[in-house]
Amino acid sequence: MDLNDIANEIFAVLESSRQIAPFSTIYPDFGLSEAYRVTAAVRAEREVRGERPIGRKIGFTNRAIWAEYGVYAPIWGYVYDRTVRDLTSEPLEVSLSGLAEPRIEPEIVFGLAAPPAPDMDETALIRCIDWIAHGFEIVQSIFPNWSFRAPDTVAAYGLHGRLFIGPRHSARMRRDDWARELSRFEIDLFRNGARVDHGVAANVLDGPLFALRHLAETLAQDRLSPPLSAGEIVTTGTLTRAFPVAAGEEWTTKLTGVPLEGARIRFV
1 MDLNDIANEI
11 FAVLESSRQI
21 APFSTIYPDF
31 GLSEAYRVTA
41 AVRAEREVRG
51 ERPIGRKIGF
61 TNRAIWAEYG
71 VYAPIWGYVY
81 DRTVRDLTSE
91 PLEVSLSGLA
101 EPRIEPEIVF
111 GLAAPPAPDM
121 DETALIRCID
131 WIAHGFEIVQ
141 SIFPNWSFRA
151 PDTVAAYGLH
161 GRLFIGPRHS
171 ARMRRDDWAR
181 ELSRFEIDLF
191 RNGARVDHGV
201 AANVLDGPLF
211 ALRHLAETLA
221 QDRLSPPLSA
231 GEIVTTGTLT
241 RAFPVAAGEE
251 WTTKLTGVPL
261 EGARIRFV
């Protein structure tokens with residue numbers, strides 16, 4: 001098992017929509033520590049070609065989907081300046097070109113004002129947040145039929161494809177309200193106007209702030225990866241199930257119990 005060869009193979013299929021066999025089926029000893037070393041190597045290759053990592057995505061925070069994918073703990077990956085875009089008031093038209101079996105995930109996104117610590121409670125965590133937004137992450141699987149083990153997902157960009165962020169709201173005002181609402185709100189997800197799923201904040205490790213704390217805890221034990229820093233974007237995991245998307249579809253959300261706008265996106 002040569003981790004550089006694995007990283008090179010993963011980098012070679014980036015943005016190609018091509019798929020490969022999961023590495024865990026070829027190398028039974030391919031585990032999370034090896035996978036995060038591959039993550040660092042792929043990040044280095046992306047930086048060489050001009051991409052800039054601007055934050056992290058947390059995956060598999062939603063316990064309700066663990067059995068569906070056979071992954072029973074959160075993972076993380078990088079998001080880049082070339083994979084992140086703002087949503088607009090009109091439906092943003094997005095091409096799915098280059099993505100492998102893309103799926104949509106409605107999420108809460110944070111902009112960090114300060115790095116969170118592993119032992120922080122909600123009151124302390126909300127003071128690490130500069131802004132709060134709702135948006136969509138488009139995830140992908142370079143492994144056919146979304147069949148993999150956790151280390152495969154880590155190595156494969158953390159399944160990240162694109163991140164679309166809605167209006168950013170300052171967390172500096174009404175911090176206590178934000179902290180309470182971020183554990184209690186609900187969300188509906190619609191495809192072409194028909195509701196396909198309902199989610200609640202507690203799906204993601206009891207709330208997005210707790211997902212953020214989990215990431216801080218994970219990185220505190222990781223000697224290879226850099227800790228979170230001020231200015232980073234963190235998207236905290238899907239609030240509903242992840243659904244396949246196709247050209248011609250329009251996806252929207254409606255949130256209740258938190259003052260965040262619903263998101264709207266159209267695929268072409």
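FYI, the numbering for the sequence shown is 1 to 268, going by this note's numbering. C-beta atoms are modelled at their ideal positions from N, C-alpha and C, and glycine is treated no differently.
For the pair Leu219 and Ala117, the Cα-to-Cα distance works out to about 10 Å. Around the C-beta of Asp152, 16 or more other C-beta atoms lie within 10 Å, and the residue is accordingly described as buried.
Within a 10 Å sphere around the beta-carbon of Gln140 sit 16 or more other beta-carbons, which makes this residue buried. In the three-state reduction of the DSSP assignment, Ile142 falls in the coil class, being assigned neither a helical nor a strand state.
For Leu215, the secondary structure class from DSSP, reduced to helix, strand or coil, is helix.
Arg37 and Leu212 do not touch by the CB rule: their CB atoms are close to 24 Å apart, not below 8 Å. The straight-line gap separating the alpha-carbon atoms of Arg191 and Ile108 is approximately 19 Å.
Secondary structure at Tyr80: strand, using DSSP grouped into helix, strand and coil. Between the segment 48 to 63 and the segment 125 to 132, the count of C-beta pairs closer than 8 Å stays below three; the two stretches do not touch. Out of Ala230, Asp197 and Arg264, the CA that lies nearest to the CA of Ala64 is found in Asp197. Non-local C-beta neighbours of Val204 in its own chain, meaning closer than 7 Å and more than five positions away in sequence, comprise Thr61, Asn62, Ala211, Thr236, Gly237 and Leu239, ordered along the chain. Phe148 and Met173 have their C-alpha atoms some 42 Å from each other. DSSP places Pro106 inside the beta strand (DSSP E), whose first and last residues are Arg103 to Leu112. Rounded to the nearest whole angstrom, the CA to CA distance from Ala194 to Asp29 is 44 Å. Bounds of any beta strand (DSSP E) do not take in Glu15, whose DSSP letter is neither H nor E.
Membership of Glu186 in the beta strand (DSSP E) is indicated by the continuous run Glu186 to Arg191.
Annotation: Ile126 is outside any beta strand (DSSP E); the continuous alpha helix (DSSP H) that includes it extends over Glu122 to Ile126.
The beta carbons of Val245 and Ile142 sit no closer together than 8 Å. If you ignore the 5 residues before and after Leu32, its C-beta comes within less than 7 Å of the C-beta of Ala150, Pro151 and Val154, all in its own chain and listed in chain order. When the beta-carbon positions are compared, Ala202 and Pro208 stay at least 8 Å from each other.
The criterion of a C-beta distance shorter than 8 Å is satisfied by Ala179 and Glu122.
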